[in-house]
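Protein chains in written order, with the numbering used here: chain W, 20 to 238; chain V, 20 to 238; chain Z, 20 to 238; chain F, 20 to 238.
First comes the structure, then the notes that go with it.
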DNA sequence: GATGAATGAGCCTTCATTCAT
DNA sequence: GATGAATGAAGGCTCATTCAT
């Protein structure tokens with residue numbers, strides 16, 4: 020009785036938790052928030068019905084943990100993109116925008132799950148809170164970079180408005196992937212974001228990428 | 020002509036239907052999609068529980084009708100804004116953008132209701148369909164205007180990308196009203212949209228409004 | 020406003036009542052007892068929803084009146100058949116059996132309605148009572164005739180058992196019309212009843228009909 | 020091994036299913052088909068309200084399974100009676116008729132349940148189907164035996180009509196147990212069926228039972 | 001007399017949660 | 001750790017009944 024069928028059982032708790040969270044994201048994408056049932060989640064995870072309450076105590080907590088998982092994953096993803104980028108603000112902004120259209124985060128399954136939570140966020144402070152923390156750092160970062168670019172490039176833009184516009188545009192393009200799934204692609208949406216950058220910061224960006232600028236040498 | 024309790028009785032069907040739809044929007048904004056109950060809707064409308072099934076047959080149909088109502092209302096709103104605008108593309112685009120930030124459509128109650136539907140749209144084709152019709156005409160209009168402005172102003176932008184970016188930015192700013200309700204206002208968001216327009220089409224727009232352009236006089 | 024559309028209205032109460040009872044029988048035959056709704060009855064009668072309660076006070080009373088109507092109609096039908104028959108017991112029994120297979124009473128619509136009531140009779144004393152009165156006279160009549168025939172023909176049968184058997188056989192054959200509707204006909208069932216009579220009372224009946232018997236002349 | 024309240028928990032599914040089916044038959048007999056509620060069934064079974072949907076998915080399926088249970092049970096009962104009977108057709112027919120009046124199947128509870136289904140059978144094809152299968156084999160068996168007896172005894176009867184008449188008579192007598200419950204008994208009804216047999220097949224049956232016939236010895 | 005909007009009790013059904021095994 | 005039978009609260013839906021018009 021130590022075959023693979025049993026090997027699947029009695030996994031460490033963290034393994035089970037992530038397995039259930041991934042199943043939750045799948046179901047959220049497939050059926051939406053309102054029709055999500057723990058039975059569906061358990062079945063997709065290939066586990067029994069009672070298991071969710073065992074690992075998460077309640078449906079509410081499973082959903083909160085799922086959102087937190089997604090928020091953490093997303094935050095880590097763009098932080099890593101920033102780390103890999105150079106020190107120049109333009110390069111950093113470019114990396115930040117590019118990260119948003121990486122298949123890792125920009126795919127229908129995950130965006131559908133995000134959108135499911137957004138739809139309930141109005142009436143659930145906890146969701147607002149979790150999204151808010153993540154968003155705050157993200158927009159602060161965007162704002163900081165826009166300020167640097169505006170200063171650097173001598174643009175006359177209001178950097179905070181530009182940052183907010185860019186933030187909104189990125190979110191809006193994610194939604195487009197959901198709602199115009201038949202008629203657009205991730206690449207097209209990325210092209211739109213790039214076009215936006217080149218228009219707003221023509222001294223820094225071309226469709227081909229970041230302009231190597233005259234000025235103090237980058238490390 | 021007894022008291023209001025009696026005056027409430029026996030209204031024509033269309034009156035009741037709209038009354039119930041408005042109550043549905045209220046509840047959607049307050050409790051979200053997943054927690055919406057017909058009992059809550061009926062209570063908010065000051066009517067009895069059975070009334071929704073009498074007028075809409077089912078909860079599903081009530082929600083569909085509610086979304087359709089909102090889509091129609093929004094479409095009519097921006098169409099009217101276009102009609103009131105001049106013939107010049109710049110004036111028309113300005114009017115279209117301004118309409119999106121009118122308190123009539125840009126308020127937390129309605130945007131929360133929209134967002135509730137978006138959250139379920141992935142898994143409910145009927146919602147996608149209703150939103151899709153409305154969105155298609157709206158983005159076609161945006162794209163047409165952007166093309167005209169690009170041609171008129173001699174910009175080097177890709178007009179279709181610019182239009183898509185503007186569309187996404189407008190949607191994203193609506194979401195901001197929901198999620199940053201404590202820290203931003205409708206006016207601020209509008210300012211961001213205006214800033215965007217002035218950056219993208221500097222020959223046509225200033226923060227103060229549409230530039231009267233040299234060239235063939237507008238009617 | 021005195022057109023035919025209005026002429027349909029404001030009928031005398033008895034006309035309306037019978038109209039509704041007939042619609043009830045139709046619906047009983049179509050949907051069965053459990054799924055009968057007043058809305059269906061009213062719609063089939065071409066009248067408005069509130070009308071049933073106006074004329075019958077309640078659904079319960081409508082059903083009771085419908086059963087009573089059917090019982091009266093059936094009783095009158097076989098009483099008239101008896102009246103048309105001669106005085107000889109054989110002729111009377113033959114007429115009684117033949118009446119049960121007349122298209123007027125022996126058709127799927129009416130038998131389905133009867134059967135719907137039988138299904139509920141166990142748990143509704145009022146139905147039992149109404150059917151019981153009718154049945155009692157009917158079986159008394161059958162019993163009387165069987166006794167006369169047994170005495171007349173010198174059969175060794177127990178006349179009461181024979182009468183009960185005949186009664187049961189007639190009811191059973193009605194059920195067959197319902198349940199073997201695809202594979203049998205009223206005529207076949209009648210033939211079975213006739214065969215039964217000729218076997219039980221061979222001195223009185225042949226497949227062709229009642230035997231004119233030697234003995235004291237009939238009036 | 021706590022008290023009975025605990026012992027009731029966690030039975031194997033088939034046990035629960037049969038328990039619920041028996042409770043359904045009880046309630047059908049008590050309240051009739053139209054007034055049957057799952058709450059009543061669950062309460063009679065001493066279980067909670069949700070249990071029926073857990074084991075049967077829906078009320079409709081519970082009822083179908085109940086009817087199937089009854090049909091199977093009845094079919095098995097008379098098949099076993101046939102197996103215990105000898106090989107002589109007369110003995111087999113006698114056994115078949117006797118089986119129909121055994122207290123196991125011929126009691127008010129079960130006949131009331133049957134009758135409840137018959138009342139709805141007209142409008143529910145699935146009920147017709149389930150009853151139909153059972154009835155078909157039963158009447159085929161009756162018909163086969165009647166044909167043998169007619170051939171054996173040199174009767175001039177039409178064996179198919181005789182078989183149909185017997186079938187109808189047996190069903191009709193069951194109904195009598197329901198509707199004349201105060202004035203008749205199972206024994207009386209059985210006597211009527213026996214009388215019928217002795218009249219129709221006098222060479223084979225006497226009130227005391229099957230006649231040992233002259234002729235080829237039975238195995 | 002007749003209509004049909006309105007009511008509200010009751011029921012089926014779903015589903016998160018519990019817990020014996 | 002894991003299972004799945006069992007529970008019971010909650011909500012959608014039906015429909016008999018009422019009643020203003």
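Each residue gets a CB set at the ideal place from its N, CA and C atoms; glycine is no exception.
> What residues from the region 128–144 of chain Z come within 8 Å of chain F, judged by C-beta to C-beta, listed N to C?
Replying inline: 131, 134, 135, 136, 137, 138, 139, 140, 141, 142 and 143
> Going along chain Z, which residues have a C-beta under 7 Å from residue 180 of chain F?
Replying inline: Mapped onto the fourth chain, residue 180 of chain F falls at position 161. Chain Z residues near residue 180 of chain F: 210, 211 and 214.
>> Looking only at its chain, what residues have a beta carbon closer than 6 Å to the beta carbon of residue 177 of chain F, apart from the 5 residues adjacent to it on each side?
In response: For the purposes of this step, residue 177 of chain F is taken as residue 158 along the fourth chain, with counting starting at 1. Result list for residue 177 of chain F: empty, nothing under 6 Å.
>> Just to confirm my understanding: we take residue 244 of chain W, look at its own chain, exclude 5 residues before and 5 after, and list those with CB closer than 8 Å. What are they?
In response: Residue 244 of chain W lies beyond the residue range present for chain W, which begins at 20 and ends at 238; the question has no answer from this structure.
> For the putative contact between residue 32 of chain W and residue 74 of chain W, defined by C-beta atoms under 8 Å, what is the C-beta separation to the nearest angstrom?
Replying inline: Counted from its first residue, the first chain places residue 32 of chain W at position 13. Counted from its first residue, the first chain places residue 74 of chain W at position 55. The pair is a contact, with the Cβ atoms about 6 Å apart (cut-off 8 Å).
> Is any heavy atom of the ligand GDP found at a distance shorter than 7 Å from the C-beta of residue 70 of chain W?
Replying inline: Absence of the ligand GDP from the depicted structure is noted, as is the absence of any ligand whatsoever, leaving it without description.
> Apart from the five residues on each side of it in sequence, which residues of its chain come closer than 8 Å, Cβ to Cβ, to residue 225 of chain F?
Replying inline: The residue you call residue 225 of chain F lines up with position 206 of the fourth chain. Excluding positions up to five away in sequence, the list reads 217.
>> Quick check on the burial criterion: 16 or more other C-beta atoms within 10 angstroms. Buried or exposed for residue 142 of chain Z?
In response: Taking the third chain and counting its residues from 1, the one referred to as residue 142 of chain Z is at position 123. Classification for residue 142 of chain Z: buried.
>> Which residues in chain Z have a C-beta closer than 9 Å to the C-beta of residue 150 of chain F? List them in chain order.
In response: Residue mapping note: residue 150 of chain F aligns to position 131 of the fourth chain, counting from 1. Ordered by position in chain Z, the residues that pass the 9 Å Cβ test against residue 150 of chain F are 198.
> Which bits of chain Z does residue 176 of chain F rub up against, with CB to CB less than 9 Å?
Replying inline: Here residue 176 of chain F refers to the residue found at position 157 of the fourth chain. Neighbours of residue 176 of chain F on chain Z, chain order: 214, 217 and 218.
> Who are the Cβ neighbours of residue 67 of chain F in its own chain at under 7 Å, not counting the five residues just before and after it?
Replying inline: In the fourth chain, the residue the question calls residue 67 of chain F occupies position 48. Taken in chain order, the residues that qualify are 61.
>> Quick check on residue 59 of chain V - is its C-beta less than 8 Å from some C-beta in chain W?
In response: Position 40 of the second chain, counted from the first residue, corresponds to residue 59 of chain V. Chain W, which has no Cβ nearer than 8 Å to the Cβ of residue 59 of chain V, makes this no.
>> Would residue 146 of chain V and residue 124 of chain V qualify as a contact pair, given that the criterion is a beta-carbon distance under 8 Å?
In response: To locate residue 146 of chain V, count along the second chain from 1; it is residue 127. To locate residue 124 of chain V, count along the second chain from 1; it is residue 105. No, these two residues do not count as a Cβ contact at 8 Å.
>> Since residue 136 of chain W and residue 168 of chain W should fall inside the 8 Å C-beta cutoff, what is the C-beta to C-beta distance between them, to a whole number of angstroms?
In response: As a working mapping, residue 136 of chain W is identified with position 117 in the first chain. As a working mapping, residue 168 of chain W is identified with position 149 in the first chain. With 8 Å as the limit, residue 136 of chain W and residue 168 of chain W do not qualify as a contact, their Cβ atoms being about 31 Å apart.
> Is DSSP giving residue 136 of chain F helix, strand or coil here?
Replying inline: In the fourth chain, the residue the question calls residue 136 of chain F occupies position 117. It is helical.
>> Pop quiz: residue 200 of chain V and residue 128 of chain V are said to be a contact at Cβ under 8 Å. What is the actual Cβ separation, rounded to whole angstroms?
In response: For this step, residue 200 of chain V is matched to residue 181 along the second chain. For this step, residue 128 of chain V is matched to residue 109 along the second chain. The Cβ separation is near 11 Å, so there is no contact.
>> Quick check on the burial criterion: 16 or more other C-beta atoms within 10 angstroms. Buried or exposed for residue 51 of chain V?
In response: Position 32 of the second chain, counted from the first residue, corresponds to residue 51 of chain V. Classification for residue 51 of chain V: buried.
> Going by beta carbon distance, what residues of the same chain come within less than 7 Å of residue 98 of chain F, once the five residues before and after it are set aside?
Replying inline: Position 79 of the fourth chain, counted from the first residue, corresponds to residue 98 of chain F. So the list is empty, once near-sequence residues are dropped.
> How far does the alpha helix (DSSP H) with residue 181 of chain W in it reach, from first residue to last?
Replying inline: For the purposes of this step, residue 181 of chain W is taken as the residue at position 162 of the first chain. Where residue 181 of chain W is concerned, the enclosing alpha helix (DSSP H) stretches over 178–198.
> Under 8 Å between the Cβ atoms of residue 220 of chain Z and residue 184 of chain Z?
Replying inline: Here residue 220 of chain Z refers to the residue found at position 201 of the third chain. Here residue 184 of chain Z refers to the residue found at position 165 of the third chain. Against a cut-off of 8 Å, the Cβ pair of residue 184 of chain Z and residue 220 of chain Z comes out as no contact.
> Out of curiosity, what's the CA-to-CA distance linking residue 45 of chain Z and residue 195 of chain F?
Replying inline: For the purposes of this step, residue 45 of chain Z is taken as the residue at position 26 of the third chain. For the purposes of this step, residue 195 of chain F is taken as the residue at position 176 of the fourth chain. Using only the alpha carbons, I get a separation of about 26 Å.
> Which of the three DSSP states, helix, strand or coil, is assigned to residue 225 of chain Z?
Replying inline: What you label residue 225 of chain Z is simply residue 206 of the third chain in a count that begins at 1. Strand at residue 225 of chain Z.
> Looking only at C-alpha atoms, which of W:198, W:63 and W:189 sits nearest to residue 214 of chain W?
Replying inline: In the first chain, residue 214 of chain W corresponds to position 195, counting from 1. Answer by Cα proximity: W:189.
> Within 10 angstroms of its Cβ, does residue 119 of chain W collect 16 or more other Cβ (buried), or is it exposed?
Replying inline: Here the question's residue 119 of chain W lines up with position 100 in the first chain. Looking at its Cβ environment, which holds 16 or more other Cβ atoms inside 10 Å, residue 119 of chain W is buried.
> Is the distance from the Cβ of residue 198 of chain W to the Cβ of residue 150 of chain V below 8 Å?
Replying inline: As a first step, residue 198 of chain W must be located in the first chain, where it is residue number 179. As a first step, residue 150 of chain V must be located in the second chain, where it is residue number 131. Yes.
> Can a CB atom of chain V be found closer than 8 Å to the CB of residue 25 of chain W?
Replying inline: Translated into positions along the first chain, residue 25 of chain W becomes position 6. Note that residue 25 of chain W scores 38 on pLDDT, short of 50, meaning its location in the model is unreliable and no value can be drawn from it.
> Do the CB positions of residue 122 of chain W and residue 205 of chain W come within less than 8 Å of each other?
Replying inline: Looking up residue 122 of chain W in the first chain gives position 103. Looking up residue 205 of chain W in the first chain gives position 186. A contact, by the Cβ cut-off of 8 Å.
> Using a C-beta to C-beta distance shorter than 8 Å, which residues of chain V count as neighbours of residue 45 of chain W?
Replying inline: Here residue 45 of chain W corresponds to residue number 26 of the first chain, with the count starting at 1. Under the 8 Å cutoff, chain V gives no residues; its nearest Cβ is about 12 Å from residue 45 of chain W.
>> Which of the three DSSP states is assigned to residue 165 of chain F in this structure?
In response: Locating residue 165 of chain F in the fourth chain gives position 146, counting from the first residue. Residue 165 of chain F: helix per DSSP, three-state reduction.
> For residue 161 of chain Z, which residues from the same chain have a beta carbon less than 8 Å from its beta carbon, with the 5 sequence-adjacent residues on both sides left out?
Replying inline: Taking the first residue of the third chain as 1, we reach residue 161 of chain Z at position 142. Excluding sequence neighbours, residue 161 of chain Z sits near 112, 115, 182, 185 and 186.
>> Here's a check: name, in chain order, each residue in its chain whose Cβ is nearer than 6 Å to the Cβ of residue 90 of chain V, leaving out the five neighbours to either side.
In response: Position 71 of the second chain holds residue 90 of chain V. Around residue 90 of chain V: 149 and 153.
>> Beta-carbon within less than 6 Å of residue 229 of chain F's beta-carbon, same chain only, minus the 5 sequence neighbours each way: which residues are those?
In response: Here residue 229 of chain F refers to the residue found at position 210 of the fourth chain. Around residue 229 of chain F: 109, 110 and 113.
> Considering residue 80 of chain V, what are the terminal residues of the alpha helix (DSSP H) in which it resides?
Replying inline: By 1-based counting over the second chain, the position of residue 80 of chain V is 61. Its alpha helix (DSSP H) spans residues 78–103.
> Are the C-beta atoms of residue 51 of chain V and some chain W residue less than 8 Å apart?
Replying inline: As a working mapping, residue 51 of chain V is identified with position 32 in the second chain. Closer than 8 Å to some Cβ of chain W, the Cβ of residue 51 of chain V qualifies, so yes.
> For residue 211 of chain F, which residues from the same chain have a beta carbon less than 7 Å from its beta carbon, with the 5 sequence-adjacent residues on both sides left out?
Replying inline: The residue given as residue 211 of chain F occupies position 192 in the fourth chain. So the qualifying residues of the chain are 192.
>> Measuring alpha carbon to alpha carbon, tell me which residue in Z:41, Z:209 and Z:55 is nearest residue 65 of chain Z.
In response: Numbered from its first residue, the third chain carries residue 65 of chain Z at position 46. Residue 65 of chain Z has its Cα closest to that of Z:41, out of Z:41, Z:209 and Z:55.
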